[in-house]
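Residue numbers (my numbering), protein chains in the order written: chain A, -12 to 81; chain B, 1202 to 1614.
Ideal Cβ placement from N, Cα and C applies to all residues, glycine included.
The next block holds one structure in the form of structure tokens; read it before the comments.
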């Protein structure tokens, strides 16, 4: 994971980027109606998988834009980077 | 065999070749009253206190690797209890109280050294933070001294108080210090086995059997086992085990690394921490400087930190102690720590009956080892947390009663 491929700038050194945790978490549409447990789960509970993880990164010392990364948390190998709003890639069973 | 002067002399006649093994490697039995998953200090300690204080007879500790090979043997061995909030102060000070008697309790020298810890302040804000925390410590009966710049310069040899981020003062806890981390695991393992606990190494849990919402068994790499109660004390792999039992946790697992220098003669007789420039350092009994800093921001199970973090650790160290600039660093290593949103642990019940969890110690679990093990043993035995453990329930993430040590005090441990 020494080089990260920013979808906007191309390959740059890892030190230019910051990780901001799990991606694809939607804020509930109706916060006033859901239970404390559902709200707690939205705020705090995370997948934290040992394996493929989808996460948000920013290119702080570059374009300063946010994007998503598909990465293996066992090897730290980045499988794919993609723009915000794009669909979550499929996990293949190779 | 008790470790004593008598036995030391007696064994010297046989050239110390006939000492008993400190603990054996028994086979996994088909059934246990309590199984503790995770053979680090917290897990072994839990088994020890369950056997000693609550008289539980049939206990096993399952360890995926070897005793002391996980985070217990990978930390920077710092022990302190000067936390801001009452809940944390009670928990961590319970640990310090137990640390003080631990070597004689276990009949194993854990080399607990109360050499004092200085938490440095580099700005007006830092001074206000340590003053607030110092007074909070007084109120909780925890020793704390607020020092100014001159006092810091006088007490800490070779410190540079006029660097890029000048040292304006420090919060000193004299009861804080270090211990030999391996000895903590070994001491608890030996003492637990003397009370009849089976310590099963190289035994990974692969599945958790649940029937009608109650835990009934475990599937392991050494076969299946029936259980009445289970305590999960897995550190980095907390989420992995929780997923096996069908629930999730408010935890992210991230790498935290440390490194040691070549050994030198005694030069630093205390523990130094700084949150603002972010480094902590002490000198081990072997003479190595033991240096740590912050964790990486990304999730990982690789047991390896990022390369650039090493520079982030060294830069403030050399700024604070220019005399260390020509020391060579010998080794660096990483551990995987399970971090909660409020940087406080999770101790207590889970959605599964008779399955208890003690996790989320993040970057600062070592200092709490005896206290954590002691309150968790009671939690497992009674089925309910005691007063010290109660605020650290999983439920606090729904009620909102977080014990927010991240924002308030001492992010770096």
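Exercise. Name, please, each residue of chain A whose Cβ falls closer than 7 Å to the Cβ of residue 1599 of chain B.
Key: Mapped onto the second chain, residue 1599 of chain B falls at position 398. Under the 7 Å cutoff, chain A gives 23, 24, 27.
Practice problem: Closer than 9 Å, Cβ to Cβ, to anything on chain A: give me those residues from the segment 1494 to 1507 of chain B, in chain order. | Solution: 1497, 1498, 1499, 1500, 1501, 1502, 1503, 1505, 1507
Quiz item: Under 9 Å Cβ-Cβ, which residues of chain A neighbour residue 1416 of chain B?
Solution: As a position in the second chain, residue 1416 of chain B is number 215, starting the count at 1. Correct list: empty, because the minimum Cβ distance to chain A is about 21 Å.
Exercise. Taking all protein chains shown into account, decide if residue 18 of chain A is buried (16 or more other Cβ within 10 angstroms of its Cβ) or exposed.
Key: If you number the first chain from 1, residue 18 of chain A lands on position 31. Looking at its Cβ environment, which holds fewer than 16 other Cβ atoms inside 10 Å, residue 18 of chain A is exposed.
Exercise. Just the C-alpha distance for residue 52 of chain A and residue 1366 of chain B, rounded to the nearest angstrom, thanks.
Key: Locating residue 52 of chain A in the first chain gives position 65, counting from the first residue. Locating residue 1366 of chain B in the second chain gives position 165, counting from the first residue. When rounded, the distance between both Cα atoms is 31 Å.
Exercise. Determine the closest residue to residue 1217 of chain B out of B/1268, B/1207, B/1226, with distance taken between C-alpha atoms.
Key: Counting from 1 along the second chain, the entry for residue 1217 of chain B is found at position 16. With distances taken between Cα atoms, residue 1217 of chain B lies closest to B/1207.
Exercise. Measure how close the beta-carbons of residue 1230 of chain B and residue 1410 of chain B come, nearest whole angstrom, since I'm counting them as under 8 Å.
Key: For the purposes of this step, residue 1230 of chain B is identified with residue 29 of the second chain, where counting begins at 1. For the purposes of this step, residue 1410 of chain B is identified with residue 209 of the second chain, where counting begins at 1. That pair is no contact at about 16 Å.
Quiz item: What does DSSP give as the partner residues of residue 1458 of chain B in its beta bridges?
Solution: Position 257 of the second chain, counted from the start, is the residue given in the question as residue 1458 of chain B. Residue 1458 of chain B pairs with B/1535.
Quiz item: In chain A, which residues lie with their C-beta within 8 Å of the C-beta of residue 1452 of chain B?
Solution: Along the second chain, one-based indexing puts residue 1452 of chain B at 251. Neighbours of residue 1452 of chain B on chain A, chain order: 33, 35.
Quiz item: At a CB-CB cut-off below 8 Å, which residues of chain B make contact with residue 42 of chain A?
Solution: On the first chain, position 55 is the one that residue 42 of chain A refers to. The contacting residues are 1499, 1500.
Self-check item: Beta-carbon spacing of residue 1180 of chain B, residue 1513 of chain B below 8 Å
Solution: Lying outside 1202 to 1614, the shown extent of chain B, residue 1180 of chain B is not represented and no answer is given.
Practice problem: Taking residue 1595 of chain B as the reference, give the member of B/1540, B/1269, B/1558 with the closest Cα. | Solution: To locate residue 1595 of chain B, count along the second chain from 1; it is residue 394. The shortest C-alpha separation from residue 1595 of chain B is found at B/1558.
Quiz item: Can you round the beta-carbon distance between residue 1561 of chain B and residue 1468 of chain B to whole angstroms, since I take them to be within the 8 Å contact cut?
Solution: If you number the second chain from 1, residue 1561 of chain B lands on position 360. If you number the second chain from 1, residue 1468 of chain B lands on position 267. Incorrect: roughly 35 Å between the Cβ atoms, too far for contact.
Exercise. Could you tell me whether the segment 1310 to 1329 of chain B touches the segment 1401 to 1409 of chain B, where touching means 3 or more Cβ pairs closer than 8 Å?
Key: no
Quiz item: For the beta strand (DSSP E) that contains residue 1548 of chain B, what are its first and last residues?
Solution: The residue given as residue 1548 of chain B occupies position 347 in the second chain. Where residue 1548 of chain B is concerned, the enclosing beta strand (DSSP E) stretches over 1547 to 1550.
Practice problem: Take residue 1220 of chain B as the anchor and find which of B/1227, B/1447, B/1212 has the nearest alpha-carbon. | Solution: Stepping through the second chain from its first residue, residue 1220 of chain B is reached at position 19. Considering only alpha carbons, the answer is B/1212.
Quiz prompt | Rounded C-alpha distance that separates residue 1603 of chain B from residue 1543 of chain B | solution = Indexing the second chain from 1 puts residue 1603 of chain B at position 402. Indexing the second chain from 1 puts residue 1543 of chain B at position 342. Cα-Cα distance, rounded: 6 Å.
Quiz item: Applying a beta-carbon distance threshold of less than 8 Å, which residues of chain A neighbour residue 1509 of chain B?
Solution: By one-based count along the second chain, residue 1509 of chain B stands at place 308. Within 8 Å Cβ-Cβ: 1, 2.
Practice problem: Determine, using beta carbons only, whether residue 1539 of chain B and residue 1437 of chain B come nearer to each other than 8 Å. | Solution: Locating residue 1539 of chain B in the second chain gives position 338, counting from the first residue. Locating residue 1437 of chain B in the second chain gives position 236, counting from the first residue. A contact, by the Cβ cut-off of 8 Å.
Practice problem: Take residue 1552 of chain B as the anchor and find which of B/1234, B/1391, B/1412, B/1465 has the nearest alpha-carbon. | Solution: Your numbering for residue 1552 of chain B matches position 351 in the second chain. For residue 1552 of chain B, the nearest C-alpha among the options comes from B/1412.
Exercise. Please report the Cβ distance between residue 1588 of chain B and residue 1430 of chain B, rounded to the nearest whole angstrom; I am assuming they are in contact, meaning their Cβ atoms lie under 8 Å.
Key: Within the second chain, numbered from 1, the residue matching residue 1588 of chain B stands at position 387. Within the second chain, numbered from 1, the residue matching residue 1430 of chain B stands at position 229. That belief does not hold up - the Cβ atoms of residue 1588 of chain B and residue 1430 of chain B are roughly 21 Å apart, past 8 Å.
Quiz item: In whole angstroms, what is the alpha-carbon distance linking residue 1613 of chain B and residue 1473 of chain B?
Solution: For the purposes of this step, residue 1613 of chain B is identified with residue 412 of the second chain, where counting begins at 1. For the purposes of this step, residue 1473 of chain B is identified with residue 272 of the second chain, where counting begins at 1. Because the pLDDT at residue 1613 of chain B is just 42, under 50, the model does not fix this residue reliably, and the point stays unresolved.
Self-check item: Any chain A beta carbon closer than 8 Å to residue 1546 of chain B
Solution: Locating residue 1546 of chain B in the second chain gives position 345, counting from the first residue. So, not an interface residue.
Quiz item: What do you reckon, are the CB atoms on residue 1343 of chain B and residue 1372 of chain B nearer than 8 Å?
Solution: In the second chain, residue 1343 of chain B corresponds to position 142, counting from 1. In the second chain, residue 1372 of chain B corresponds to position 171, counting from 1. Not in contact: residue 1343 of chain B and residue 1372 of chain B (Cβ atoms no closer than 8 Å).
Quiz prompt | Spatial distance of residue 1535 of chain B from residue 1464 of chain B (CA atoms) | solution = Residue numbering aside, residue 1535 of chain B sits at position 334 when the second chain is read from its first letter. Residue numbering aside, residue 1464 of chain B sits at position 263 when the second chain is read from its first letter. Spanning the two alpha carbons is a distance of roughly 20 Å.
Quiz item: Considering only residues of the segment 1542 to 1583 of chain B, which uninterrupted beta strand (DSSP E) runs meet the minimum length of 3 residues and lie entirely inside it, listed in chain order?
Solution: 1547 to 1550, 1556 to 1560
Practice problem: Check the DSSP bridge columns for residue 1401 of chain B and list the partner residues they point to. | Solution: As a first step, residue 1401 of chain B must be located in the second chain, where it is residue number 200. In the DSSP output, where bridge partners are listed per residue, residue 1401 of chain B has B/1263.
Quiz prompt | residue 77 of chain A, DSSP secondary structure in three states | solution = Locating residue 77 of chain A in the first chain gives position 90, counting from the first residue. Three-state result, residue 77 of chain A: coil.
Quiz item: Around the Cβ of residue 1320 of chain B, are there at least 16 other Cβ atoms within 10 angstroms (buried) or fewer (exposed)?
Solution: Counting from 1 along the second chain, the entry for residue 1320 of chain B is found at position 119. Residue 1320 of chain B should be labelled buried.
Quiz item: Using a C-beta to C-beta distance shorter than 7 Å, which residues of chain B count as neighbours of residue 6 of chain A?
Solution: The residue labelled residue 6 of chain A in the question sits at position 19 within the first chain. Those are 1498, 1499, listed as they occur along chain B.
Self-check item: Residue range of the alpha helix (DSSP H) that includes residue 26 of chain A
Solution: The residue labelled residue 26 of chain A in the question sits at position 39 within the first chain. 23 to 31 is the span of the alpha helix (DSSP H), which, as asked, contains residue 26 of chain A.
Quiz item: Would residue 1296 of chain B pass as a contact of residue 1568 of chain B if the rule is Cβ separation under 8 Å?
Solution: In the second chain, the residue the question calls residue 1296 of chain B occupies position 95. In the second chain, the residue the question calls residue 1568 of chain B occupies position 367. Closer than 8 Å, so yes.
Exercise. Run through the segment 1436 to 1520 of chain B for me and flag every whole beta strand (DSSP E) of 3 or more residues, listed as ranges in chain order.
Key: 1453 to 1462, 1472 to 1475, 1480 to 1484, 1490 to 1496
Exercise. Would you mind reading off the limits of the alpha helix (DSSP H) that contains residue 1295 of chain B?
Key: Along the second chain, read from residue 1 onward, the residue named residue 1295 of chain B stands at position 94. Element bounds for residue 1295 of chain B: 1287 to 1307.
Quiz prompt | Host beta strand (DSSP E) of residue 1426 of chain B (start-end) | solution = On the second chain, residue 1426 of chain B is found 225 positions in, with the first residue counted as 1. Here the beta strand (DSSP E) through residue 1426 of chain B covers 1424 to 1433.
Quiz item: Straight-line CA distance for residue 83 of chain A to residue 41 of chain A?
Solution: Not covered by the structure: residue 83 of chain A. The range shown for chain A is -12 to 81.
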